[in-house]
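Asks:
Number of protein chains: 2
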Amino acid sequence: MKQINLKTRPVGLPSKDTFEIKDVKLKGMQSGDVHIQLVYLSVDPYLRGRMNDTKSYIPPFKLNEPIVSTGIGKVVKSKSDDFLEGDFVIGSVPWQEEAILPGETLQKIDPAVAKLPAYLGIIGMTGLTAYFGLLDIGQPEPDETVVVSAGAGAVGSAVGQIAQIKGARVVGIAGSEEKIHYMVNELGFDVGINYKTKEFSHNLAKACPNGIDVYFENVGGKVSDAVWPLLNKFARIPVCGTISSYNKTAEEDMGPRVQSYLIKSSAKMQGFTVGDYADQFAEGKKQLVQWLEEGKLIHKETLVHGFDQTIPAFLSLFDGKNIGKIVVDVRGK
Amino acid sequence: MKQINLKTRPVGLPSKDTFEIKDVKLKGMQSGDVHIQLVYLSVDPYLRGRMNDTKSYIPPFKLNEPIVSTGIGKVVKSKSDDFLEGDFVIGSVPWQEEAILPGETLQKIDPAVAKLPAYLGIIGMTGLTAYFGLLDIGQPEPDETVVVSAGAGAVGSAVGQIAQIKGARVVGIAGSEEKIHYMVNELGFDVGINYKTKEFSHNLAKACPNGIDVYFENVGGKVSDAVWPLLNKFARIPVCGTISSYNKTAEEDMGPRVQSYLIKSSAKMQGFTVGDYADQFAEGKKQLVQWLEEGKLIHKETLVHGFDQTIPAFLSLFDGKNIGKIVVDVRGK
């Protein structure tokens, strides 16, 4: 059975050589354990942070141990009273084809409510990240201008749609014409702006004639530097991710300091991780499922097929080409 | 009668040549007006921002018109029902020896409650800035670590003392041994750290063995860059001022981008100006007066004597030598 371990701590962009694929055998089950076959794996930008040996909101991955992310498995054998053979379960899982995990770390999910990959996307951590970051910190009001960076990405596409459900005007930022088209024509954002053009700052200002009330931060770097001068009085900035900096050292991620912009606008900038809202997950998921059933939320999970594709799928998160959520279908085609 | 006008918009550090001293005559009084002799003038770092021609929370000063700041006057003649000759009043006043102002822009103050300069300091805008920024945004809890930059300054010295009243451990940052001595031995801060030493980052980390829960931002620049890696989970950062950048262009005020630090700690950074709390001034002032009467707040107003000293007093705000609040005693010795 294959397992993907962290072989070296990457400096800059991770590569194939960051990982090692090993053949391992499962250890025996204990009472309460569940043996699962991995079905879907979520690959997420935040995993890059866990590859560094630095203090953060979650401990770093250990060398020569498997990467862990959210995944969906099918129960092969159960020594837990909570699960039966054939159940689909979700939880933090090691990157390996099968796993034995304590039943209390898993939750049963229902394929009748939504297609399984959606549990890793729009009604999973991705959707909840968008939901709590936008609604608890961003608090968009009707007719306010909400700007979201990486607007065609997994979290960003949900943020923009939820902002529109709340009546806000949504400006999405992304890095290709294909993504702009997706944001405007499929997701229905009011404006899409390509940050890779020379006129980006100018276009952003033009797209926000009334200033910016909420900026949902997914990327950091120069994109965000262009946002600060446009902040309205009492603007809110949920800080979810800074993908532009994940492969940079602190020395490489320099820009205009933000404090004076915050003072001028009495703006609030707040970092968060979805785990901060763990005690409200059930409520958030219920609302997301309802919007999904009402047809108010479009979601796109891009499936890559085969456990072997896990590393390429993860690396692709940093090449800026993906649209929506990337999910590995571990069993292949 | 002398008046101090803005002659040119300064680039970088303002100088004598930024201003023009003119001899002017007062215009006639209208019904409701009050004629005052200026007694005390407040000089504050934020006035530097109003000398630039850029959008901010208050409009810029106009060229060839007087600088305006908070001041205290004695009523010489009143055509307002609210004031009598001899009353002391506070309000936004032009930098000139006498002024005629609409009565509704002034408030009567009582020299029996506190010495007049305190109305420009600890129980005035300075104290209220500390009070609302720290308590509304910072929300220090008992035994938490509160770090305040410019801790010997007008706002910072009040912030540290209010944090101690709330039971927090207070670490003050300042730029001279005299200020460190003042913070620790006169104000009673737990630790004082000199940011001008090579070991500053190291000393700050050592002074905050349990991390930083609240950072009250008065200075920006490299001092604050050293704070970000020490933020605790759910840290709060009231952003009051960035005096290190007031005389810099945006291109000159570059540093490590803060977003990734905010994510790691789920920290909140919020800009504010005291005007955001205008509807709570009465409550804040009442509490500050009470603490003052109970001996819980020490305050130090440094008086400079003579209207001629207004410009040097303002310029001195940027040389890092002042302790406490600087007030011009307009009438001289």
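Chains as they are written, first to last, in this note's numbering: chain A, 1 to 333; chain B, 1001 to 1333. For each residue, glycine too, the CB sits at the ideal point set by N, CA and C. The model shown is predicted, which means the values in this text are computed figures rather than measured ones.
Cβ closer than 7 angstroms: which chain A residues qualify as neighbours of valine 1258 of chain B?
Replies: Those within 7 angstroms of valine 1258 of chain B in chain A are Val258.
Asks: So proline 45 of chain A and glycine 241 of chain A are in contact, right, with Cβ under 8 angstroms, and what is the actual spacing, rounded?
Replies: Yes, proline 45 of chain A and glycine 241 of chain A are in contact; Cβ-Cβ is about 6 angstroms, under 8 angstroms.
Asks: Nearest-angstrom Cα distance between lysine 179 of chain A and leucine 231 of chain A?
Replies: Cα to Cα, the separation comes out at about 25 angstroms.
Asks: For a cutoff of 8 angstroms on Cβ pairs, would you count glycine 1151 of chain B as touching chain A?
Replies: No, because no Cβ of chain A sits closer than 8 angstroms to the Cβ of glycine 1151 of chain B.
Asks: By Cβ distance, which residues of its chain are closer than 7 angstroms to serine 1031 of chain B, with the 5 residues on each side in sequence left out?
Replies: If we look at serine 1031 of chain B and ignore the five residues flanking it on each side, its Cβ neighbours are Lys1079.
Asks: I want to verify the contact list: residues of chain B whose CB lies under 7 angstroms from the CB of valine 239 of chain A, in sequence order.
Replies: Neighbours of valine 239 of chain A on chain B, chain order: Gln1259, Leu1262, Ile1263.
Asks: For the segment 1167–1180 of chain B, enumerate the residues whose C-beta is nearer than 8 angstroms to any C-beta of chain A, in chain order.
Replies: Cβ contacts with chain A come from no residue of the segment 1167–1180 of chain B.
Asks: In the DSSP assignment, the beta strand (DSSP E) including serine 42 of chain A goes from what residue to what residue?
Replies: Element bounds for serine 42 of chain A: 33–42.
Asks: How about leucine 288 of chain A and isoleucine 122 of chain A: are their beta carbons less than 8 angstroms apart?
Replies: In this structure, isoleucine 122 of chain A lies closer than 8 angstroms to leucine 288 of chain A by Cβ.
Asks: Have a look at A/Ile237, A/Met29, A/Ile212, A/Ser149 and flag the residue whose alpha-carbon is nearest the alpha-carbon of glycine 320 of chain A.
Replies: The option with the nearest alpha carbon to glycine 320 of chain A is A/Ser149.
Asks: Which residues of chain B have a Cβ atom closer than 9 angstroms to the Cβ of glycine 220 of chain A, listed in chain order?
Replies: Per Cβ cutoff of 9 angstroms: Arg1257, Gln1259, Ser1260.
Asks: Along the chain, which unbroken stretches of the beta strand (DSSP E) at least 3 residues long are found entirely within the segment 265–325 of chain A?
Replies: Counting whole runs of 3 or more residues, the segment 265–325 of chain A contains the beta strand (DSSP E) stretches 268–271, 301–305.
Asks: Could you tell me which of A/Val76, A/Gly175, A/Gln96 sits nearest to lysine 222 of chain A, measuring between CA atoms?
Replies: Cα-wise, what sits closest to lysine 222 of chain A is A/Gly175.
Asks: When you compare the segment 316–331 of chain A with the segment 32–40 of chain A, are there three or more beta-carbon pairs, one atom per stretch, that lie closer than 8 angstroms?
Replies: Yes, since at least three Cβ pairs between the segment 316–331 of chain A and the segment 32–40 of chain A fall closer than 8 angstroms, the two stretches touch.
Asks: Cβ of aspartate 1276 of chain B less than 8 angstroms from any chain A Cβ?
Replies: Answer yes: the Cβ-Cβ gap between aspartate 1276 of chain B and chain A drops below 8 angstroms somewhere.
Asks: Apart from the five residues on each side of it in sequence, which residues of its chain come closer than 6 angstroms, Cβ to Cβ, to threonine 1105 of chain B?
Replies: Gly1091, listed in sequence order.
Asks: Where in the segment 1192–1259 of chain B do unbroken runs of the beta strand (DSSP E), each at least 3 residues long, occur, reported from the N-terminal end onward?
Replies: Counting whole runs of 3 or more residues, the segment 1192–1259 of chain B contains the beta strand (DSSP E) stretches 1212–1216, 1231–1239, 1254–1256.
Asks: Decide if glutamine 3 of chain A is buried, meaning its Cβ has at least 16 other Cβ atoms within 10 Å, or exposed.
Replies: Per the 10 Å Cβ criterion, buried.
Asks: Considering only DSSP beta bridges, list what lysine 108 of chain A is partnered with.
Replies: A/Val89.
Asks: Expressed to the nearest angstrom, what Euclidean distance is found between the alpha-carbon atoms of serine 1265 of chain B and phenylalanine 234 of chain A?
Replies: Serine 1265 of chain B and phenylalanine 234 of chain A: Cα-Cα distance of roughly 22 angstroms.
Asks: Could you say which of A/His299, A/Gly192, A/Val171, A/Tyr246 lies nearest to asparagine 210 of chain A if we only look at CA atoms?
Replies: Selected option, being the one with the closest Cα: A/Val171.
Asks: For proline 238 of chain A, I'd like the list of residues in its chain whose CB is within less than 7 angstroms of its CB, leaving aside the five on either flank, ordered along the chain.
Replies: Hits under 7 angstroms: Gly133, Leu134, Ile137, Gly138, Phe216, Glu217, Gln270, Phe272.
Asks: Does DSSP put serine 149 of chain A in a helix, in a strand, or in coil?
Replies: Serine 149 of chain A falls in the strand class under three-state DSSP.
Asks: From what residue to what residue does the beta strand (DSSP E) around phenylalanine 19 of chain A run?
Replies: Segment 19–23, the beta strand (DSSP E) holding phenylalanine 19 of chain A.
Asks: For asparagine 322 of chain A, does the count of other Cβ atoms within 10 angstroms reach 16, so buried, or fall short, so exposed?
Replies: It counts as buried.
Asks: Sorted by chain position, which residues of the same chain lie with C-beta nearer than 6 angstroms to phenylalanine 1314 of chain B's C-beta, five sequence neighbours on each side aside?
Replies: Correct list, in chain order: Val1043.
Asks: Can you check whether the C-beta of alanine 267 of chain A is within less than 8 angstroms of a C-beta belonging to chain B?
Replies: Judged by the 8 angstroms Cβ criterion, alanine 267 of chain A is in contact with chain B.
Asks: The beta strand (DSSP E) spanning glutamate 1098 of chain B covers which residue range?
Replies: Glutamate 1098 of chain B -> beta strand (DSSP E) spans 1098–1102.
Asks: Would you check if the segment 1108–1124 of chain B and the segment 1296–1306 of chain B touch, i.e. whether three or more CB-CB distances between them fall below 8 angstroms?
Replies: Verdict: yes, contact present.
Asks: So, leucine 1303 of chain B versus valine 1327 of chain B, is the Cβ gap smaller than 8 angstroms?
Replies: In this structure, valine 1327 of chain B lies closer than 8 angstroms to leucine 1303 of chain B by Cβ.
Asks: If we cut at 8 angstroms on Cβ distances, does serine 56 of chain A have a partner in chain B?
Replies: So, interface residue.
Asks: Does any residue of chain A have a CB that is nearer than 8 angstroms to the CB of alanine 1250 of chain B?
Replies: Yes, alanine 1250 of chain B lies at the interface with chain A (some Cβ there is under 8 angstroms from its Cβ).
Asks: So the beta strand (DSSP E) glutamine 1003 of chain B belongs to, where does it begin and stop?
Replies: It spans 1002–1006 - the beta strand (DSSP E) in which glutamine 1003 of chain B sits, taken as one unbroken run.
Asks: On the three-state DSSP scale, how would you describe phenylalanine 1173 of chain B?
Replies: Checking the sequence, you will find isoleucine at residue 1173 of chain B rather than phenylalanine. Isoleucine 1173 of chain B: strand per DSSP, three-state reduction.
Asks: With 16 other CB atoms within 10 Å as the buried threshold, where does lysine 1268 of chain B fall?
Replies: With 16 or more other Cβ atoms within 10 Å, it is buried.
Asks: Taking C-beta pairs closer than 9 angstroms, name the residues in chain A that methionine 1254 of chain B reaches, listed in chain order.
Replies: Simply Met254, Gly255, Pro256, Arg257.
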